[in-house]
Amino acid sequence: MVEGGGQDPVVDIQSTEEWLSCAKGLIPKVLEKAREVKGFPGRWKMIISKLEKIPERLSNLSSHPCFSKNALCKEQLQAVCKTLNETIELAEICVKEKYEGKLRMQSDLDALSGKLDLNLRDCGLLIKTGVLGEVSFPSSIASTSTDPEAAIHGNLRELLARLQIGHLEDKHKALDSLVEFMKEDEKNVLAVIGRSNISSLVQLLTATSPRIREKTVTVICSLAESGSCENWLVSEGVLPPLIRLVESGSPIGKEKATIALQRLSMSSETSRSIVGHGGVRPLIEICRTGDSVSQAASACTLKNISVVPEARQVLAEEGIVKVMVNLLDCGILLGSKEYAAECLQNLTSSNDDLKRSVISEGGIRSLLAYLDGPLPQESAVGALRNLVGLLSIEVLMSLGVLPRLVHVLQSGSIGAQHAAASAICRISSTTEMKRAVGETGCIPFLVRMLEAKANNAREVAAQAISSLMTVSHNCREVKKIDKSVPNLVALLDPSPHNTAKKYAVASLGMLSSSKKCKKLMISYGAIGYLKKLTEMDIPGAKKLLERLERGKLKNLFSRK
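Be aware that the sequence shown starts at 1, since it is given in full-length UniProt numbering, and climbs by one per residue.
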């Protein structure tokens with residue numbers, strides 16, 4: 001391509017064929033001059049070998065059906081002619097030995113060799129990218145074309161090809177145009193972008209120019225967010241340069257890089273790769289010091305990584321627990337706090353050391369404070385559920401954990417209610433704890449949860465109730481609630497998807513000492529259910545069935 005700066009007026013006059021003729025005419029002269037040179041034999045031998053490859057590349061280029069119609073061909077031929085003329089000038093200087101210094105001439109010859117490499121590579125890329133099959137339309141023609149979308153696609157393919165061809169300044173100009181195009185018409189860009197274009201963009205992420213890196217990561221961020229190029233981006237090696245930008249890029253570069261990593265980390269495999277490329281530490285640093293958008297994107301990326309069990313130890317070693325607890329308290333955006341809660345839930349799902357670390361960093365207080373705010377509660381309650389088993393009743397009471405759980409049962413989302421009920425199950429490990437839980441007033445809300453549409457919510461509510469009812473005071477509380485028996489009988493349904501039936505049997509068994517409750521069980525059809533559950537060997541079903549049938553017979557005889 002023609003380098004930056006003004007163009008000779010003749011550029012606008014000569015046709016593509018005339019530039020081809022010019023290049024072909026120069027080659028014999030260039031080779032003749034190059035072979036006359038005696039000095040710097042190694043370098044000139046290399047230059048001559050590259051000059052000898054040019055005719056074949058020009059022949060391949062000119063044989064394409066759209067050769068004369070595509071502006072890229074003309075520009076490429078101009079670049080070739082410019083390099084050939086430069087070769088003649090250097091050859092004449094070397095023959096006359098009029099160069100300023102040996103080292104200076106060696107440098108000039110190395111630069112010339114690089115330009116020849118670029119010309120040969122770009123001629124090949126013009127054919128390889130398939131861009132020659134697209135005719136470039138001026139904007140005035142494109143607007144009146146019978147197929148304007150095809151014209152737009154043609155122009156876009158040419159623009160994307162320019163990212164791979166020519167000098168860095170040429171690529172910079174193409175990048176500027178692409179950034180504007182993405183703002184105005186991202187859909188069409190995504191429709192024509194190919195793997196080779198992705199590869200060239202990834203390479204530009206490591207350009208020496210900070211401005212080019214910044215604009216490139218802006219485009220890559222948009223591509224990642226589109227959801228259509230993740231696999232290409234990762235396979236073309238986008239992760240290491242993105243991580244380096246998070247470490248040391250400009251503020252905009254850091255922001256766009258973290259947003260791109262956030263989207264890409266939705267894949268567990270990519271999350272593992274981010275860890276493997278050393279991405280955890282710079283992401284944690286952004287959580288500590290970054291601006292609001294970068295902080296939220298980094299927190300989300302770390303949350304995505306925390307889903308991968310084998311990555312959690314690396315996260316812990318880099319200090320993620322303290323950072324996430326701090327985000328719960330001081331996150332700039334509400335989203336940062338939500339991601340922190342989700343991350344802590346993932347981290348504490350199975351590892352007791354991480355659970356203790358969260359507790360020692362003050363995570364319980366921070367999670368409770370989060371629950372008092374306006375954000376979704378499910379993840380914070382899930383994290384508490386994972387932690388409460390390590391806390392004594394004194395700590396639970398002093399921190400006010402139980403009242404928060406009851407409040408969630410009363411007014412939280414079904415997911416949050418499920419997590420709260422599960423937390424109550426874990427807390428209710430001793431008689432003392434069960435009594436304390438029952439006194440919080442949670443039982444009516446657990447009974448109401450038995451009517452939930454989600455099977456897992458009904459199951460955990462039934463489990464909590466059956467556990468609490470082993471304390472007589474709690475059992476009396478369940479008896480007082482009108483819907484307790486009907487809701488529990490409904491959970492005797494023998495269908496396979498009903499996983500709450502064993503807990504319903506246990507709870508009804510404890511209520512069966514009451515004549516009133518037995519009559520209700522019978523009236524709501526418990527006997528029919530229990531006969532099927534007895535055949536399925538559900539624990540306690542046979543014993544409860546016998547009690548109810550005895551009660552039914554007694555009632556029958558008393559009426560007679």
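Backbone N, C-alpha and C fix where the C-beta goes; we use that ideal spot for every residue, glycine too.
Cβ pair residue i, residue j closer than 8 Å
| i | j | result |
| --- | --- | --- |
| N455 | H497 | yes |
| S294 | E255 | yes |
| K434 | S472 | no |
| S306 | N346 | yes |
| I465 | L446 | yes |
| L126 | C73 | yes |
| I243 | P282 | yes |
| L492 | A526 | yes |
| L116 | K215 | no |
| V54 | L118 | Contrary to the premise, residue 54 reads as Ile rather than Val in this sequence. Contact: no. |
| V217 | A260 | yes |
| residue 562 | T431 | The structure shown does not extend to residue 562, since the chain is modelled only from 1 to 560, so the question has no answer here. |
| L264 | C287 | no |
| residue 614 | I252 | Since the displayed the chain opens at 1 and closes at 560, residue 614 lies outside it and no answer follows. |
| F67 | L61 | yes |
| G412 | A420 | yes |
| A311 | S357 | no |
| S228 | L190 | yes |
| L233 | L223 | yes |
| P241 | V192 | no |
| N197 | I152 | no |
| A452 | I414 | yes |
| M469 | M510 | yes |
| S268 | V308 | yes |
| V485 | L530 | no |
| L327 | A299 | yes |
| E236 | S271 | no |
| G363 | L344 | yes |
For residue j and residue i, believed in contact at Cβ under 8 Å, the rounded distance
| i | j | result |
| --- | --- | --- |
| R304 | T348 | Per the sequence presented here, residue 304 reads as Asn, with Arg not at that position. Actually they are not in contact, since the Cβ atoms of N304 and T348 sit about 17 Å apart, beyond 8 Å. |
| A416 | E378 | 4 Å |
| V37 | C94 | 4 Å |
| residue 599 | L548 | Because the chain spans 1 through 560 in this model, residue 599 falls outside it and cannot be assessed. |
| F40 | L109 | 6 Å |
| A383 | L371 | Their Cβ separation, rounded to whole angstroms, is 10 Å, which puts A383 and L371 out of contact at 8 Å. |
| L544 | S512 | 6 Å |
| E361 | V325 | 5 Å |
| G438 | E477 | 6 Å |
| R43 | Q106 | 7 Å |
| L156 | F181 | 7 Å |
| L31 | I48 | 7 Å |
| V280 | E342 | That pair is no contact at about 17 Å. |
Residue i classed as buried or exposed, judged by whether at least 16 other C-beta atoms fall within 10 angstroms
| i | result |
| --- | --- |
| D170 | buried |
| M536 | exposed |
| Q164 | buried |
| P28 | exposed |
| S145 | Residue placement at S145 cannot be trusted, given a pLDDT of 48 that sits under 50; what the coordinates show is reported in the next sentence. Per the 10 Å Cβ criterion, exposed. |
| N231 | exposed |
| T258 | buried |
| E134 | Its pLDDT being 49, under 50, E134 is placed unreliably by the model, and nothing is read from it. |
| V395 | exposed |
| G166 | buried |
| I13 | exposed |
| A506 | buried |
| S336 | buried |
| R213 | buried |
| R35 | exposed |
| K355 | buried |
| E75 | buried |
| Q313 | exposed |
| S139 | Low confidence applies here, because S139 scores a pLDDT of 42, under 50, leaving its location unreliable and the question unanswered by this model. |
| S248 | exposed |
| C442 | buried |
| S429 | exposed |
In chain order, which alpha helix (DSSP H) runs of at least 4 residues are fully inside the region 149-230? Within the region 149-230, the complete alpha helix (DSSP H) runs of at least 4 residues are 168-192, 195-204, 210-226.
Within the region 100-128, ranges of the alpha helix (DSSP H) (whole runs, at least 4 residues): For the region 100-128, whole alpha helix (DSSP H) runs of length 4 or above, ordered along the chain, are 102-128.
Just to confirm the assignment: which complete alpha helix (DSSP H) runs, minimum length 4, are found wholly within the region 375-431? Considered as a whole, the region 375-431 harbours 378-387, 393-399, 401-411, 414-427 as its complete alpha helix (DSSP H) runs of no fewer than 4 residues, in chain order.
For the region 264-291, list the alpha helix (DSSP H) runs that are entirely contained and at least 4 residues long, ordered along the chain. The qualifying runs are 268-276, 280-289.
Which ranges does the beta strand (DSSP E) cover as unbroken runs of at least 3 residues, wholly within the region 306-348, from first to last along the chain? The qualifying runs do not exist here; there are none.
Any chance you could list the alpha helix (DSSP H) runs of at least 4 consecutive residues sitting entirely within the region 50-75, in chain order? Complete alpha helix (DSSP H) runs here, min 4: 54-62.
Quick one: complete alpha helix (DSSP H) runs, 4+ long, within the region 473-545? Taken in chain order, the whole alpha helix (DSSP H) runs of length 4 or more contained in the region 473-545 are 484-490, 501-511, 515-523, 526-535.
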